Amino acid sequence: MAYNSDQMRLMGGVPGQQLFLYRTDDTPSDAQTPGYFDPAVDHYSLSGGDIVLCVSDAAGTPALNALVADLSGEGCVMRALG
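One point on numbering: in the numbering used here, the residue at position 2 of the sequence shown is 55, and numbering is uninterrupted.
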């Protein structure tokens with residue numbers, strides 16, 4: 054599947070210290086695929102160091118993953134916290 058901007062919510066903060074909530078039917082590993090969150094860089098000014106709480110519900114198995122944005126290379130890569 055693909056990133057859906059309708060499911061992304063800014064909870065607060067400033068660029069580099071923002072907190073987002075994102076809901077998806079994709080698996081947690083899909084959401085960590087390089088480039089998955091690239092549209093959020095434009096739509097929400099997602100920047101390096103921002104945190105995304107990703108609530109995924111792939112195949113009826115809900116999971117919460119805390120991800121941090123890394124924009125140091127080409128595109129946006131989300132890295133798991135913890």
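Backbone N, C-alpha and C define an ideal beta-carbon position, used for all residues, glycine too.
For clarity, every value in this text was computed on a predicted model and none was experimentally measured.
Quick check: Phe90 and Met131, are their CB atoms within less than 9 Å of each other? Taking the first residue of the sequence shown as position 1, residue 90 is located at position 37. Taking the first residue of the sequence shown as position 1, residue 131 is located at position 78. Closer than 9 Å, so yes.
For Gln121, which of Ala133, Ser58, Thr86 and Asp59 has the nearest alpha-carbon? Within the sequence shown, numbered from 1, the residue matching residue 121 stands at position 68. The sequence shown places Val at residue 121, not Gln. Val121 has its Cα closest to that of Ala133, out of Ala133, Ser58, Thr86 and Asp59.
On the three-state DSSP scale, how would you describe Tyr75? Position 22 of the sequence shown, counted from the start, is the residue given in the question as residue 75. Here Tyr75 sits in strand by DSSP.
When DSSP labels each residue in this structure, what does Pro81 get in the three-state scheme? Within the sequence shown, the letter at position 28 stands for residue 81. Under the three-state reduction of DSSP output, Pro81 falls in the helix class.
Identified DSSP bridge partners for Ala55: Position 2 of the sequence shown, counting from 1, holds the residue named residue 55. Beta-bridge partners assigned by DSSP to Ala55: none are found.
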